[in-house]
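Visitor:
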Amino acid sequence: MNLPDPAVHVSGVTEVADGVLVIPNEHVGLVPNIGIVGGTEAILVVDTGLGLTNAALVRDFAEEVARGRRIHLTTTHFHPEHAFGSSVFDSYLINRAQADDLRRKGSGYLRMFRGFGGAIAERLADVEIPVPDEVFDGVRALDLGGRTVLLRPTGRGHTLGDQVVEVPDAGVLFTGDLAETGQFAIFPWFPPHDTDVSGLAWIGVLDGLIAGEPRVVVPGHGSVGDVAVLQGVRDYLGELRDETWRRRDSAAGLDEIVAEVTAVLAERHPEWAGREWIEPGVGCLCAE
Ligand SMILES: [Zn+2]
Numbered sequence: 001m002n003l004p005d006p007a008v009h010v011s012g013v014t015e016v017a018d019g020v021l022v023i024p025n026e027h028v029g030l031v032p033n034i035g036i037v038g039g040t041e042a043i044l045v046v047d048t049g050l051g052l053t054n055a056a057l058v059r060d061f062a063e064e065v066a067r068g069r070r071i072h073l074t075t076t077h078f079h080p081e082h083a084f085g086s087s088v089f090d091s092y093l094i095n096r097a098q099a100d101d102l103r104r105k106g107s108g109y110l111r112m113f114r115g116f117g118g119a120i121a122e123r124l125a126d127v128e129i130p131v132p133d134e135v136f137d138g139v140r141a142l143d144l145g146g147r148t149v150l151l152r153p154t155g156r157g158h159t160l161g162d163q164v165v166e167v168p169d170a171g172v173l174f175t176g177d178l179a180e181t182g183q184f185a186i187f188p189w190f191p192p193h194d195t196d197v198s199g200l201a202w203i204g205v206l207d208g209l210i211a212g213e214p215r216v217v218v219p220g221h222g223s224v225g226d227v228a229v230l231q232g233v234r235d236y237l238g239e240l241r242d243e244t245w246r247r248r249d250s251a252a253g254l255d256e257i258v259a260e261v262t263a264v265l266a267e268r269h270p271e272w273a274g275r276e277w278i279e280p281g282v283g284c285l286c287a288e
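1 is the number of the first residue of the sequence shown in UniProt numbering; add one for each residue after it.
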């Protein structure tokens, strides 16, 4: 496999709301959108990029922004490009289910990602599984000074431990990989090692997030937008479910179902990247 170097570029940073910055992923695979939310006393970084060099770049940039304010880090879920740089921060807060994901599956994902070789393996050479400084149950209201952000676990969706980050005063929502734009939804369905993703639960999570009517939605990968970002993923997951279920009780084998559903959905979304994510999505929904 020869994947591009997942380098974070802080030069592309944009302000999506008052005091809310996004370092955009510029549509490079394995680079997440990274958030920085500022209060008067502290700032919160959301996700790290893949590996310690990317994360140190993000931390250094956050220090410039913070100008002496305290810096906290949280991550949206345990996947390597979102969380595997966390050790360069000294206040790392995550929800309990995500901490469990890191402990149970972190080393397996580290092995898998190192197996991609090239720049990805190099960026992970010195990484150990991140250990949070604070693990919380329920919703964690984090007071940044004049602004409280909500770290809200969603329950099972893209992973078991997903959480979103809400900035209520600005109407901003960071979704992690519960949402992507310009690509097919990422299904980390890797039986028998990891079958925690649930297409059905994910649809339910998105319905809940849509009902919250966020004004600015920052997806895990892709372009920042409004609630339409969530609706787009919700609609796609509905299509994937319907097209899969329509076929799964027929005489067709899984390979045939995958081929048919891939053809239908690729035709419906010709401009989207990541067609390889349709197959694990079908596998997941066949099991639900
Ligand atoms: Zn992910």
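We treat Cβ as the ideally placed atom computed from N, Cα and C, and that holds for glycine.
Given a threshold of 16 other Cβ atoms within 10 Å of its Cβ, counted over all protein chains shown, does E128 qualify as buried or as exposed?
Guide: exposed
Visitor: Distance cutoff 8 angstroms, beta carbons only. Does H158 sit that close to anything in chain B?
Guide: The chain inventory of the structure shown lacks chain B, comprising one protein chain alone.
Visitor: Work out the CA separation of W272 and A42 for me, nearest whole Å.
Guide: 38 angstroms
Visitor: Does at least one heavy atom of ligand 1 sit under 7 angstroms from the Cβ of D177?
Guide: yes
Visitor: Which runs of the beta strand (DSSP E) fall wholly inside the region 69-147 and span at least 3 residues, in chain order?
Guide: 70-74, 93-95, 134-136 and 140-143
Visitor: Which residues bound the alpha helix (DSSP H) around I257?
Guide: L254 to R268
Visitor: If you draw a straight line from the alpha carbon of V216 to that of H158, how long is it in whole angstroms?
Guide: 20 angstroms
Visitor: Mark G106 as exposed unless 16 or more other C-beta atoms lie within 10 angstroms of its C-beta, in which case mark it buried.
Guide: buried
Visitor: Can you check DSSP and say which residues form a bridge with H221?
Guide: E180
Visitor: From the DSSP output, which residues share a beta bridge with E15?
Guide: L21
Visitor: Does the Cβ-Cβ distance between P80 and L50 come in under 8 angstroms?
Guide: yes
Visitor: Starting from G35, trace the beta strand (DSSP E) in both directions and tell me its first and last residue.
Guide: I34 to G38
Visitor: Using 7 angstroms as the cut-off, classify the Cβ of residue 289 as near or not near the heavy atoms of ligand 1, replying yes or no.
Guide: The chain is shown from 1 up to 288; residue 289 falls before or after that span and cannot be answered.
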